[in-house]
Amino acid sequence: MYNSLVIKPIKNLGQNFLQDTTVANMMIEELSLTDNDFVIEIGPGTGVLTDRLAKLNCTVLAVEYDPRLVAQLTARYSNNKNITVIYDNFLKWLPQNSPNKPYKVLGSIPYYITSPILHALIQTDNMAKKAVFMVQKEVGEKVCAMEPDASYLSVFVQTFYDTTYVKTISNMSFYPVPKVDSSIIKLEKKQGEEKFTREFIKKYEGFLHKGFGSPRKMINKRFDKQLLLDAGIDPSLRPQDLGVGKWLDLYKLYN
């Protein structure tokens, strides 16, 4: 286990600090870092991940929202030229500071902002090519779910990223100990010629919200039956029965 910085967690910030160094090593290994990589770490916390990144030759920008931690982390890595710690809210910082080069993202993120962070990554001008996150177990399962267990979140994320549920992590790996277990998930940007614009993403997001508005009802309650048939979709199916490909086919006809 990891000897953390002397800091009292703030409940309102959802601070459950990762302590298990074995888990930290696993997350970094999943990121497949090279010397030339640029990494954005969301919420470095007590530095259990940052400490390992500091030993590598990649360039790291750690975005932390707790000013107490920023001060301590800045002092700790003052001699590490590859580590920069800034004080900011990642959700507000990214839209205005999207890197103009390939980058990867890493973080053990507060449960309550997992979905907003995933949306921010997709809605930015330059999507990360790979991301590894520690999230609540239930959310990790939801993000990585496939039909017939799809959800709005899984379809939205998987339209842009291939997702992998890496491992379930015990709640005992954190301080303070949360009530539920966590999971490591990996997102790898899909390769293809199609360039998704902000306009497309905004419209597609609204389209999916409409589609999953009544998840327990047949999809013909949300869309015209003939439109569904034209897209090769059985009107008696429910939203969770459709994979990303079918949603995209339907969107192209709907739009």
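Following my numbering, the numbering of the sequence shown begins with 390 at its first residue and continues without gaps.
Don't be surprised by glycine CBs; every beta carbon is placed ideally from N, CA and C.
Given the structure is predicted, the values throughout are model-derived calculations rather than measurements.
On the DSSP bridge list, what partners appear for leucine 483? Residue mapping note: residue 483 aligns to position 94 of the sequence shown, counting from 1. In DSSP, leucine 483 forms no bridge with anything.
Based on Cα-Cα distance, which residue from Gln461, Lys490, Asn469 and Asn489 lies nearest to tyrosine 476? Residue 476 sits at position 87 when you count from the first residue of the sequence shown. Per the Cα distances, Gln461.
Is leucine 420 closer than 8 Å to glutamate 430 when the C-beta atoms are compared? Within the sequence shown, numbered from 1, the residue matching residue 430 stands at position 41. Within the sequence shown, numbered from 1, the residue matching residue 420 stands at position 31. Not a contact, by the Cβ cut-off of 8 Å.
Looking only at DSSP bridge pairs, what is glycine 496 linked to? One-based indexing of the sequence shown puts residue 496 at position 107. Phe522.
Scan the stretch 434-464 and note each continuous alpha helix (DSSP H) run of 4 residues or more that stays entirely inside, going in chain order. 437-443
Under 8 Å between C-beta atoms of alanine 509 and lysine 493: The residue labelled residue 509 in the question sits at position 120 within the sequence shown. The residue labelled residue 493 in the question sits at position 104 within the sequence shown. It is not a contact, given that the beta carbons lie outside the stated cut-off.
Would you mind sorting alanine 520 into buried or exposed? The rule is 16 or more other CB atoms within 10 Å of its CB. For the purposes of this step, residue 520 is taken as the residue at position 131 of the sequence shown. That one is buried.
Taking Cβ positions, are asparagine 446 and asparagine 478 nearer each other than 8 Å? In the sequence shown, counting from the first residue as 1, residue 446 sits at position 57. In the sequence shown, counting from the first residue as 1, residue 478 sits at position 89. Contact: no.
Run through the DSSP bridge pairs and tell me what aspartate 551 is partnered with. Residue mapping note: residue 551 aligns to position 162 of the sequence shown, counting from 1. Answer by DSSP bridge pairing, in chain order: Glu577.
Look up glutamate 536 in the DSSP assignment and say whether it is helix, strand or coil. Mapped onto the sequence shown, residue 536 falls at position 147. It is coil, neither helix nor strand.
Using the rule of at least 16 other Cβ atoms within 10 Å of the residue's Cβ for burial, across every protein chain shown, is tyrosine 391 buried or exposed? Within the sequence shown, the letter at position 2 stands for residue 391. Caution applies to tyrosine 391, whose pLDDT of 48 falls short of 50 and renders its modelled position unreliable; the model cannot decide the point.
Just mark phenylalanine 601 as buried or exposed, buried being the case when its beta carbon has 16 or more other beta carbons within 10 Å. As a first step, residue 601 is located in the sequence shown; it is residue number 212 there, counting from the start. Buried: at least 16 other Cβ atoms inside 10 Å.
Between which two residues does the alpha helix (DSSP H) harbouring proline 503 extend? Reading the sequence shown from its first residue, position 114 is the one you call residue 503. Checking the displayed sequence, the identity of residue 503 turns out to be threonine instead of proline. It spans 503-512 - the alpha helix (DSSP H) in which threonine 503 sits, taken as one unbroken run.
Have a look at Asp440, Leu631, Ile502 and Asn425 and flag the residue whose alpha-carbon is nearest the alpha-carbon of glutamate 536. Residue 536 sits at position 147 when you count from the first residue of the sequence shown. Checked all of Asp440, Leu631, Ile502 and Asn425; the closest Cα to glutamate 536 is Leu631.
In three-state terms, what does DSSP make of leucine 407? Looking up residue 407 in the sequence shown gives position 18. Of the three classes helix, strand and coil, the one that applies to leucine 407 here is strand, per DSSP.
Classify serine 559 as helix, strand or coil using the three-state DSSP reduction. Residue numbering aside, residue 559 sits at position 170 when the sequence shown is read from its first letter. In the structure shown, serine 559 sits in coil (DSSP, three-state: anything other than H, G, I, E or B).
Whether or not the stretch 597-611 and the stretch 551-563 are in contact is what I'm after, with contact meaning three or more pairs of Cβ atoms, one per stretch, closer than 8 Å; do they touch? no
Considering only residues of the same chain and omitting the five flanking positions on each side of asparagine 468, which have a CB-CB separation below 6 Å? The residue given as residue 468 occupies position 79 in the sequence shown. Within the same chain, asparagine 468 has no close Cβ partners at all.
Hey, would you say leucine 402 sits closer than 8 Å to tyrosine 454, going by beta carbons? The residue you call residue 402 lines up with position 13 of the sequence shown. The residue you call residue 454 lines up with position 65 of the sequence shown. Contact: yes.
Consult DSSP for serine 467 and reduce its assignment to one of helix, strand or coil. Reading the sequence shown from its first residue, position 78 is the one you call residue 467. Serine 467 falls in the coil class under three-state DSSP.
What residues are listed by DSSP as bridge partners for valine 474? The sequence position of residue 474 within the sequence shown is 85, counting from 1. Answer by DSSP bridge pairing, in chain order: Ala451.
Those residues which DSSP pairs with serine 571 across a bridge: In the sequence shown, residue 571 corresponds to position 182, counting from 1. Answer is Gln525 and Ile558, bridged to serine 571.
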